[in-house]
Structures are given as C-alpha cells and as structure tokens.
Amino acid sequence: MGPGPVDADPRVLRAMAASLVGQFDPFMTDTMNETMALWRTVWRTENEQTFLVDGTSRAGIEAALVSLLEPGDRVLVPVFGRFGHLLAEISARAGAEVHTIEAPWGEVFEPDQIADAVRRVRPKVLAVVHGDTSTTMAQPLEALGAIAREHDALLYVDATASLGGNSFETDAWGVDVATAGLQKCLGGPSGSAPVTVSVRAAALIRARKHVEAGIRSADDIDHGARIASNYLDLAQVMDYWGPRRLNHHTEATSMLYAARECARLLAVEGMDAAIARHALHGGAMLAGVRGLGLEVFGDVAHKMHNVVAVAIPDGVDGDAVRGALLSDFGLEIGTSFGSLHGKVWRIGTMGHNARRDAVLVTLAALEQALRRAGVPVPPGGGVDAALGVYESATAGVVA
Ligand SMILES: *Cc1c(COP(=O)(O)O)cnc(C)c1O
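Position in the sequence shown (from 1) plus 145 gives the number in the working numbering.
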C-alpha cells in the first residue's frame, strides 16, 4: 500500500506467463497493434503513435526528452516535487538549456505562473509532471496545451503516477507527448513505459531520423540532429511499431503481454469507472487517516486520488512503524524523499490495491501499529471514517 510499485493485478501476472513468439510472428505483430489500440483508450487519444518503450517509466521520460530536445534547445520545467527535478536533469543530459520555476512541495502552480514563464523563456518544450508522487500533488494540466501552442512549444507530460487513477485527456488537453509506467494505477509490474506522441511531435521526431547502418534502405536519408540515444530513439522505435517493422530492439514480449492486459482491464472497466474507483478508495483512505487523528500533508484539493502523505506524529519513529506493519501485517507503506524524509508516510490506494478490503485492513493495521508506538489513536477511528465514505457513496448511488 505504498506510493508504487504496488501489487500487480493477478490477471496481469497470468498474462505474462503466456508463451513467447518470434518478433515478426503474426501473433506478435497483431498483439503489438492491439496493444497500441488499447493504450489509445487509456490515454484518451487518437494518436497513431501510441506504443511502449521497453524499460521503466524513466526510460519513457528519457526517450521523450532525448528525442524532442536537441543540444541548445530551451526547455521549461515547472518543478513541484522530486520528479520535476528529474525532468530537468534528463533534459540537461540531452544538452538542452534548462529553465525551471519552483513551487513549494505540497503545492501546485497556477496556470498563469506557467504561462508567464513560457512567455519569458520561449521554450521548445514545456515538460511537466502530472502527479508527483513525492508530494502526492497533481498539477492541473487542462490549460497548458493551449499555453504551449500559443507560444509554439510542445507539451510533454510524465503521467506515471496519475494515469488510470486520475483524469488524463491527451487530446482534449493538447498534450504532445506523454509517458507512464505500469506500476502505479495501471496495475502492472514496472518495466514497460507506455508512450503517446501527437502528430506534430511525431513529425518533429521523424525529422531527426538516422536509421542504423546494416538495416537502412536506399530511401533512408539522414536528416536533422541525430537523437543522442540509440535505444531510446523514438524515430526508430516508431518504425519498429509501425507498418515498416524496422528492426530495432527485441520487444520485451512478456512485458508486452503485461502492458496489453493492464490496458485491456482498464478498457473493460472503463476509464471513468477506474478513475471513480481510485477517487472512492483514495477518499476513504484520506478520511481514514484523518479518523485516526493524523495530519495530511499538502494542498488536499490538489492531491492525486491514489496516494496520501500522512504526517508522522511527533516523537514517533516512522521507519519503526513501517517495519511493524510489514513484519506483523505483511503490509508495506511508503517512506518519503528529500525534505519530506522522516516527516511523512505515503500511503497508496492504486491499481489492484484501490479496493475496499485493502483500505480497511490497512487502516486497522495502522491503528494497531500506532497504538503500540504510543500514539493515542481513537479506537476504530480509521475504519469507521472509511466505512462512512463507503456508506455515503452507496447512499449517493441509491439516491
Ligand atoms: C513513480 C514515478 C516514476 C518512476 O519511474 P521508474 O523509472 O518506473 O522507477 C516516474 N515519474 C513519476 C512522476 C513517478 O511517480
């Protein structure tokens, strides 16, 4: 029940056990096409270029940034947590001129603050984290696509923590490139990075295409500044996933099966229903920790549905409580990074763990662990508050 990775859905694990096939086997290429179509549903996009990068979420981030940014290009990163710093760092490694604006941890930016910075910096790419798990905050993105377009910038979004558990509208919000990983709300293991690329971003990436020696044809003319990574070169990866099936890496077949199953389960549930499920169980967890008398960190109005940061009560050894939850109850909750280290626990309700039994058992166990750590907790206060949320949700449906 941490901030990710979380338990994979058993159906995803089962899908991963299927037999392997060769990379140009018709079953393999059909599965790749089907996976692209399913992820369009998850991303809410018509983007043809919707596929997987093999590697964890960070491979998707790096593929997007290294394929968009040429040395000397300006990038603007609004930083409101650890992963914003990561986008800035990866952009700097790609040779970009990096500009950042920072919000205090636990807060997000007003769209105007981002618009002002775009006007000042004139970036080629505006690179934003949607939900930053380090602080639990979700940056509102609705206005950013228009801001980017108005100033001829591309909008890149890291949606790793938020996708599947919070609204995400690639096309309606004008997102040019978005990337994720399976191990948060998407219910899979880490190791595959779903990516979607808009028509205009794909054109910009293709304009930098340099096909490898040994597989190039007479029509493959090099153009533009060569993308600095071979493995994460989206121009070549798009040709591998596209009708040309240009040989690049060997698609990680078991992860392909996992990613297809994650998207299939979400498509069957419906994206709105999956988001509502995360809102419900995340809301129950929020009420539950408050019912135990704990303080919640950050601007709760902008909290992601799927994770809550809880202040560790004064005098309590946070790691000892986490250790007790793990050894006595088999439950993992998360620690924190940077300035929040030792100050908050992060508790997730995401993917397969966004479930009533998981929420209630976690709150019951946390109550015991806190009591044994000497914290005066209201008996049953967590479970009662969470059940209250479930009861009023059911009453809402009946009414
Ligand atoms: C969890 C998370 C990641 C994780 O990256 P991995 O390479 O899969 O470890 C990246 N970005 C955000 C916003 C995250 O929350």
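A virtual CB, placed ideally from N, CA and C, is assigned to each residue, including glycine.
Tell me which residue opens and which closes the beta strand (DSSP E) that residue i is part of.
i: aspartate 199; result: 194-199
i: threonine 324; result: 322-324
i: threonine 341; result: 337-342
i: valine 453; result: 452-456
i: arginine 219; result: 219-224
Given a cut-off of 9 Å, decide if residue j and residue i are closer than it, judged by their beta-carbon atoms.
i: valine 520; j: phenylalanine 474; result: no
i: aspartate 303; j: alanine 288; result: no
i: glycine 319; j: leucine 327; result: no
i: leucine 547; j: phenylalanine 313; result: Because the chain in this structure spans residues 146 to 544, residue 547 falls outside the shown range and cannot be described.
i: serine 164; j: leucine 377; result: no
i: threonine 280; j: glycine 226; result: yes
i: asparagine 375; j: glutamate 396; result: no
i: alanine 424; j: histidine 447; result: no
i: isoleucine 350; j: leucine 391; result: no
i: threonine 201; j: arginine 491; result: no
i: glycine 528; j: glycine 436; result: The sequence given here has valine at residue 528, not glycine. Yes, they are a contact pair.
i: valine 413; j: alanine 456; result: no
i: leucine 329; j: glycine 167; result: For clarity, residue 329 is lysine in the given sequence; the question names leucine instead. No, Cβ-Cβ distance for lysine 329 and glycine 167 is not below 9 Å.
i: threonine 245; j: proline 223; result: yes
i: leucine 511; j: valine 461; result: no
i: valine 342; j: methionine 430; result: no
i: valine 263; j: isoleucine 292; result: yes
i: arginine 185; j: asparagine 192; result: yes
i: glutamate 247; j: glycine 229; result: yes
i: threonine 180; j: leucine 401; result: yes
i: leucine 300; j: glycine 290; result: yes
i: leucine 231; j: valine 270; result: no
i: valine 534; j: alanine 432; result: yes
i: glycine 463; j: threonine 480; result: yes
i: alanine 404; j: isoleucine 206; result: no
Among all the DSSP beta bridges, which residues are the ones paired with residue i?
i: tryptophan 242; result: The sequence shown places glutamate at residue 242, not tryptophan. Glutamate 242 is bridged to Arg219.
i: arginine 491; result: Ala454 and Gly479
i: valine 270; result: Val220 and Leu299
i: valine 441; result: Val455
i: glutamate 247; result: Val224
Using a threshold of 8 Å, is the CB atom of residue i nearer than that to any non-hydrogen atom of ligand 1?
i: phenylalanine 228; result: yes
i: alanine 306; result: yes
i: aspartate 303; result: yes
i: proline 285; result: no
i: lysine 269; result: no
i: glutamine 513; result: no
i: glutamine 328; result: yes
i: alanine 204; result: yes
i: glycine 276; result: yes
i: glycine 460; result: no
i: leucine 476; result: no
i: glycine 332; result: no
i: serine 335; result: yes
i: proline 223; result: no
i: threonine 339; result: Residue 339 is actually proline in this sequence, not threonine. No - ligand 1 has no heavy atom lying nearer than 8 Å to the Cβ of proline 339.
i: threonine 480; result: no
i: glycine 149; result: yes
i: threonine 201; result: yes
i: leucine 231; result: yes
Determine the extent of the alpha helix (DSSP H) in which residue i is found, giving its start and end residues.
i: methionine 146; result: It is not in any alpha helix (DSSP H) - methionine 146 carries neither H nor E in the DSSP assignment.
i: phenylalanine 172; result: 171-188
i: methionine 430; result: 416-436
i: leucine 471; result: 463-474
i: glycine 525; result: No alpha helix (DSSP H) contains glycine 525, which DSSP labels as neither H nor E.
i: valine 211; result: 202-213
i: valine 504; result: 501-517
i: valine 157; result: 155-161
Nearest chain B C-beta to residue i closer than 9 Å, yes or no?
i: methionine 282; result: Absent from the structure: chain B. Only one protein chain is present.
- Item | Those runs of the beta strand (DSSP E) which lie wholly inside the stretch 272-356 and span at least 3 residues | 299-303, 322-324 and 337-342
- Run through the stretch 363-399 for me and flag every whole alpha helix (DSSP H) of 4 or more residues, listed as ranges in chain order. 379-386
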